[in-house]
Amino acid sequence: MKNYLNDSSIASFLLSQENKYSHRVSHSIRLNRQWINYTYHEVIQSTFCFSKTIQLQGINPGERVLIISRNRPEFCIAFFACALMGVVAVPVDPQMSIKDLQLIFEHSHSSGILILDKVDENLAKEILKEASNKAMLRAEFIPRASAKNEKHEVH
-9 MKNYLNDSSI ASFLLSQENK YSHRVSHSIR LNRQWINYTY HEVIQSTFCF SKTIQLQGIN
51 PGERVLIISR NRPEFCIAFF ACALMGVVAV PVDPQMSIKD LQLIFEHSHS SGILILDKVD
111 ENLAKEILKE ASNKAMLRAE FIPRASAKNE KHEVH
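Per the numbering used here, residue -9 is the first one in the sequence shown, and the count goes up by one each step.
In structure tokens form, the structure reads like this:
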């Protein structure tokens, strides 16, 4: 897999931050009344793992992928993984209307839809009703990503 790294890329920036701040908190989210922190190291490890998941789905550099996600650390990991692979991320708000999401999907010429939450699976199916030869890409994350307890499912 070719990594799309150069001095001005998002992926290069993330790697430079991991080198400087490996054990510092990069992202946090509150789940079930507890704060869950992701260090720079955990984010970069999850990014590399997730980029392989995208590659296994058959998405190639230069292709576009619609990302349906709420504001959460996993969105950043998915976005960074796309940047690392040279895939164009097309982030959308899941609260948009189905019609607007279908228009964005078609006009962006996205190869598939990446969902990060089971809640958004039905939304992705609705968007794909009108599309032909398109795929729904799915990845599930557990709340805290680390090399030994990551959960990525490819469907």
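The beta carbon of each residue, even a glycine, is placed where N, CA and C say it ideally should be.
Status (buried if at least 16 other CB within 10 Å, exposed otherwise) for residue i
i	result
residue 136	Note that residue 136 scores 35 on pLDDT, short of 50, meaning its location in the model is unreliable; the coordinates nonetheless yield the value given after this. Result: exposed.
residue 102	buried
residue 87	exposed
Cβ separation of residue i and residue j, assumed to be a contact under 8 Å, to the nearest whole Å
i	j	result
residue 68	residue 106	6 Å
residue 56	residue 34	No, residue 56 and residue 34 are not in contact; Cβ-Cβ is about 24 Å, not under 8 Å.
residue 110	residue 58	5 Å
residue 97	residue 66	Not confirmed; about 25 Å, so no contact.
Endpoints, the beta strand (DSSP E) within which residue i is located
i	result
residue 24	24 to 29
residue 17	15 to 21
residue 58	54 to 58
residue 81	78 to 82
Segment limits, alpha helix (DSSP H) that includes residue i
i	result
residue 98	Counting along the chain, residue 98 falls outside any alpha helix (DSSP H), and DSSP gives it neither H nor E.
residue 112	111 to 118
residue 63	63 to 75
Residues of its chain near residue i, where Cβ-Cβ distance is below 6 Å and the 5 sequence neighbours each way are ignored
i	result
residue 73	0, 1
Spatial neighbours of residue i in its chain, beta-carbon cut-off 8 Å, leaving aside the 5 residues before and after
i	result
residue 52	76, 77, 78
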